[in-house]
Amino acid sequence: EADIYQTPRYLVIGTGKKITLECSQTMGHDKMYWYQQDPGMELHLIHYSYGVNSTEKGDLSSESTVSRIRTEHFPLTLESARPSHTSQYLCASSEETSGANVLTFGAGSRLTVL
Amino acid sequence: KNQVEQSPQSLIILEGKNCTLQCNYTVSPFSNLRWYKQDTGRGPVSLTIMTFSENTKSNGRYTATLDADTKQSSLHITASQLSDSASYICVVSDRGSTLGRLYFGRGTQLTVWP
Numbered sequence: 001e002a003d004i005y006q007t008p009r010y011l012v013i014g015t016g017k018k019i020t021l022e023c024s025q026t027m028g029h030d031k032m033y034w035y036q037q038d039p040g041m042e043l044h045l046i047h048y049s050y051g052v053n054s055t056e057k058g059d060l061s062s063e064s065t066v067s068r069i070r071t072e073h074f075p076l077t078l079e080s081a082r083p084s085h086t087s088q089y090l091c092a093s094s095e096e097t098s099g100a101n102v103l104t105f106g107a108g109s110r111l112t113v114l
Numbered sequence: 115k116n117q118v119e120q121s122p123q124s125l126i127i128l129e130g131k132n133c134t135l136q137c138n139y140t141v142s143p144f145s146n147l148r149w150y151k152q153d154t155g156r157g158p159v160s161l162t163i164m165t166f167s168e169n170t171k172s173n174g175r176y177t178a179t180l181d182a183d184t185k186q187s188s189l190h191i192t193a194s195q196l197s198d199s200a201s202y203i204c205v206v207s208d209r210g211s212t213l214g215r216l217y218f219g220r221g222t223q224l225t226v227w228p
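Residue numbers (my numbering), protein chains in the order written: chain D, 1 to 114; chain F, 115 to 228.
Structure follows, in structure tokens:
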């Protein structure tokens, strides 16, 4: 069972609200990621972190921001949610195994902005 | 352009039958290829990971093959069960960056009927 937890699992909010999606892992992994996934589409990397105080933007432009103050915690924040932010957000962490970067995903946070 | 294409987009089979899912990629350079299973409303879970030198790997009723020359992979599911109903995602990693950038396919949606 994956030791990476996301909350909330489901969130429905109105336009303009500030939201934070929480992600925590207990595996001690340095690398953590946020992906965005729409139905029937591939996962898109929006943020990643190599370790504490390290954050980088991913391939897909996103209005969200992230922070990495503790190894185990990688929250994602939207200052002002819009309907275009409606999507599933997946958090992951990884470790090197036999030369490969193996990802463990959380269960996801499904965000709906009305 | 680095891409990962999966086929078919969706597949319906009867319980107990076998099936094969396909993945073609153009990612170069190549480091490894992974197959993930994603249940509805959940995060992806790793099934197999294969490096350049491996051409087949099994995980229970799941067998993945890799032909690095033709840049093709397949995932064969034997004696399907209702719990196999999920999206199966092919992911290819390059070796051009420290993290090994990941390229995701859109997945094959498998439905197993009783």
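Cβ atoms here follow ideal geometry from the backbone N, Cα and C, with glycine treated the same way.
First and last residue of the uninterrupted beta strand (DSSP E) at residue i
i: D:Thr26; result: Note, D:Thr26: premise wrong, no beta strand (DSSP E); not H, not E.
i: F:Glu119; result: 118-121
i: D:Met41; result: First-last for D:Met41: undefined, no H or E at that position.
i: F:Ala178; result: 176-181
i: D:Glu56; result: 54-57
i: F:Lys171; result: 170-173
i: D:Ala100; result: 100-105
i: F:Phe218; result: 216-218
i: F:Val159; result: 159-165
i: F:Ala193; result: No beta strand (DSSP E) holds F:Ala193; DSSP gives it neither H nor E.
i: D:Thr86; result: Per DSSP, D:Thr86 belongs to no beta strand (DSSP E) and is neither H nor E.
i: F:Leu224; result: 222-227
i: F:Asn146; result: 146-152
i: D:Ser109; result: 109-113
Own chain, CB closer than 7 Å to residue i, minus 5 neighbours either side, in chain order
i: D:Glu22; result: Gln6, Thr7, Pro75
Selected residue, minimal CA-CA separation from residue i, among the options
i: F:Ser160; options: D:Asn53, D:Leu103, D:Asp59; result: D:Leu103
i: F:Thr225; options: F:Glu129, F:Ser121, F:Gln117; result: F:Glu129
i: F:Pro143; options: F:Lys115, F:Pro122, F:Glu168; result: F:Lys115
i: D:Gln88; options: F:Thr140, F:Ser121, F:Pro158, F:Asn146; result: F:Pro158
i: F:Gln136; options: F:Arg175, F:Pro228, F:Ser145, F:Asp181; result: F:Asp181
i: F:Glu119; options: F:Ser187, F:Leu196, F:Ile191; result: F:Ser187
i: F:Leu196; options: F:Thr177, F:Asp153, F:Thr165; result: F:Asp153
i: F:Gln223; options: F:Thr140, F:Ser167, F:Tyr202, F:Gly214; result: F:Tyr202
i: D:Thr26; options: D:Ile46, D:Ser93, D:Gly108, D:Asn101; result: D:Ser93
i: D:Ser64; options: D:Thr77, D:Asn53, D:Thr55; result: D:Thr77
i: F:Asp208; options: F:Ser194, F:Arg175, F:Asn146, F:Gly221; result: F:Asn146
i: F:Gly219; options: F:Arg148, F:Asp183, F:Asp198; result: F:Arg148
i: F:Thr184; options: F:Arg175, F:Gly174, F:Ile191, F:Phe166; result: F:Phe166
i: F:Asn138; options: F:Cys204, F:Leu216, F:Thr170; result: F:Cys204
i: F:Pro228; options: F:Asp198, F:Arg156, F:Asn173, F:Thr170; result: F:Asp198
i: D:Val66; options: D:Asp3, D:Glu96, D:Thr20, D:Tyr10; result: D:Thr20
i: D:Ser62; options: D:Glu95, D:His85, D:Tyr33; result: D:His85
Chain D contact residues for residue i, given Cβ-Cβ distances below 8 Å
i: F:Asn173; result: In chain order: nothing, as chain D lies at least about 14 Å away.
i: F:Ser160; result: Val102, Leu103, Thr104
i: F:Gly214; result: Ala100, Asn101
i: F:Ser207; result: Ala100, Asn101
Same chain only: Cβ atoms within 8 Å of residue i, ignoring 5 sequence neighbours per side
i: D:Pro83; result: Thr15, Val113, Leu114
i: D:Gly28; result: Thr71, Glu72
i: D:Tyr48; result: Lys31, Met32, Tyr33, Trp34, Thr55, Glu56, Gly58
Chain F contact residues for residue i, given Cβ-Cβ distances below 7 Å
i: D:Glu42; result: Phe218, Gly219, Arg220
Chain F residues whose Cβ lies nearer than 8 Å to that of residue i
i: D:Gly106; result: Gly157
Partners in chain D for residue i, counting only beta-carbon separations shorter than 7 Å
i: F:Asn146; result: Ala100
Close-in-space but distant-in-sequence residues of the same chain around residue i (CB under 6 Å, 5 per side omitted)
i: D:Ser24; result: Tyr5, Glu72, His73
i: F:Thr192; result: Asn132, Arg175
i: F:Thr170; result: Thr179
i: D:Ser80; result: Gly16
Where the stretch 70-91 of chain D meets chain F: residues whose CB sits under 9 Å from a CB there: Gln88, Leu90, Cys91
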